[in-house]
Amino acid sequence: MAGIRIDGKVIAQTVKDRVKQAVTELKRQGVNPCLATILVGEDPASATYVRNKHKACKEVGIDTRDHKVDSKITQIELNSIIDSLNSDSLVHGILVQLPLPKHLDEFAATSRISPLKDVDGLTPHNAGLLAMKKAMLVACTPSGVMEMFDYHKIDLDGKNVVLINRSNLVGKPLYHLLLEKNATVITCHSKTKNLKQICQAADIIITAVGDREKFTLTADMIKEGSIVIDVAISRFHKKIVGDSDYDQIIQKASFATPVPGGVGPMTVAMLLKNTITASSLSTQIGR
Ligand code: GUN
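Per this note's numbering: the sequence shown = residues 19 to 305.
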């Protein structure tokens, strides 16, 4: 029997509905939630992601600031934009769209953001709090994945979870979030040996490679009744695809996410949620 499709659009809408209510309440208290984005250069995929983020903000009543800057911007100039947004009391969340052009230092840029406005959860402060089980703002894609588990009441206690990603934005935050839920977590990456056997033993696989030339998660790699969360999004043979062969996987898995329409909408919804959290933090410290 085919498994259950985890519909990111439906779950994202439930998050957006909650965010909308929170926006109304914040506005009643005199706070106008506002997200600032910084997009460096002309990468079409990044431009689309940023446009979608602005559109989603508009839908729920969050104000936006849109900083589009030339790809040749210097680190000092980029830092100065971040500094000015950090000290702008009308801006509650700051997002530097990644990846940045090669001459810029992503760590220097993202860690310059005030931890209270760090809606990506990428600053050392917020990454550290997450690792200490004291998270304030958590990276959007990982918290979106956790929201999907919650929505479907998927119990993680004692489950063997395999992550195929070790990035600061996906794999590392997910590792901590899953561990907090008592999962046994294995993090795999490009140098992992016996990936197929590791996947075959997993109750849950969360994959985020994003390069179909190099990797596809196929049905023979998963256990009957397992759960597959596909975080990847890339173009392959003129189609938008994830890492997994969804049509085959869903025949064997108990739950799986499609691409598009799976994790993608959750990332945007959780960004809205983080912007609300950041706006509330700013009211708590009187800014
Ligand atoms: N590029 C791809 N995903 C993300 C994300 O979640 N945040 C940022 N800042 N850049 C990204």
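All residues carry an ideal CB built from backbone N, CA and C; glycine is no exception.
In this text the structure is predicted, and so the values were computed from the model without any measurement.
{"query": "Tell me C206's beta-bridge partners as DSSP assigns them.", "result": "I182"}
{"query": "Nearest by alpha-carbon distance to S129: which of I100, G279, K152, H121 is it?", "result": "I100"}
{"query": "At a threshold of 8 Å, does A296 count as lining ligand 1 (C-beta to nearest heavy atom)?", "result": "no"}
{"query": "Can you tell me the Cβ-Cβ gap for G59 and P133, rounded? I've got them flagged as a contact below 8 Å.", "result": "At roughly 26 Å, the Cβ-Cβ gap does not stay under 8 Å, so G59 and P133 are not in contact."}
{"query": "Should G243 and T202 be called a contact, given that it needs their Cβ atoms to be closer than 9 Å?", "result": "no"}
{"query": "Using a Cβ-based criterion (distance less than 8 Å to any ligand heavy atom), does T159 qualify as near ligand 2?", "result": "In the structure on display, ligand 2 does not appear, and the ligands it does have are ligand 1."}
{"query": "How far does the alpha helix (DSSP H) with G281 in it reach, from first residue to last?", "result": "The sequence shown places Val at residue 281, not Gly. Counting along the chain, the alpha helix (DSSP H) containing V281 begins and ends at 281-302."}
{"query": "On the premise that I112 lies in contact with I91, defined as a C-beta separation below 8 Å, what is that separation, rounded to the nearest angstrom?", "result": "The Cβ separation is near 16 Å, so there is no contact."}
{"query": "Could you have a look at L103 and say whether DSSP puts it in helix, strand or coil?", "result": "helix"}
{"query": "How long is the line joining the alpha carbons of I56 and G26, rounded to whole angstroms?", "result": "26 Å"}
{"query": "Please determine whether the Cβ atom of L148 lies at a distance below 8 Å from any heavy atom of ligand 1.", "result": "no"}
{"query": "I'd like to check one pair, M164 with V281: are the Cβ atoms closer than 9 Å?", "result": "no"}
{"query": "Measuring only from the beta carbon, is S64 closer than 8 Å to any heavy atom that is part of ligand 1?", "result": "yes"}
{"query": "Alpha carbon to alpha carbon, what distance is there between A30 and G189?", "result": "21 Å"}
{"query": "Can you tell me whether N183 is buried or exposed? The criterion is at least 16 other CB atoms within 10 Å of its CB, across all chains shown.", "result": "buried"}
{"query": "Output needed for N50: all residues of its chain with C-beta closer than 6 Å, excluding positions within five of it in sequence on either side, in chain order.", "result": "D81"}
{"query": "Any heavy atom of ligand 1 inside 8 Å of the beta-carbon of V114?", "result": "yes"}
{"query": "Find the nearest neighbour of V277 within the set S298, A271, K270, I247, judged by alpha-carbon distance.", "result": "I247"}
{"query": "What would DSSP say about A250, mapped onto helix, strand or coil?", "result": "coil"}
{"query": "How would you label P117, buried or exposed, when you count the other beta carbons within 10 angstroms and need 16 or more for buried?", "result": "exposed"}
{"query": "Looking only at its chain, what residues have a beta carbon closer than 6 Å to the beta carbon of N104, apart from the 5 residues adjacent to it on each side?", "result": "S132"}
{"query": "Counting only the same chain and skipping the five closest in sequence on each side, list residues whose C-beta sits under 6 Å from that of K34.", "result": "V78, A287"}
{"query": "Assuming K199 and L174 are in contact, meaning their beta carbons sit under 8 Å apart, how far apart are those beta carbons, in whole angstroms?", "result": "4 Å"}
{"query": "When the Cα atoms are used, what is the spatial distance from M284 to T159?", "result": "7 Å"}
{"query": "So the candidates are G48, I294, I224; which of them puts its Cα closest to the Cα of F273?", "result": "I224"}
{"query": "Look at the alpha carbon of T66 and the alpha carbon of H170, and state the distance between them as a whole number of angstroms.", "result": "29 Å"}
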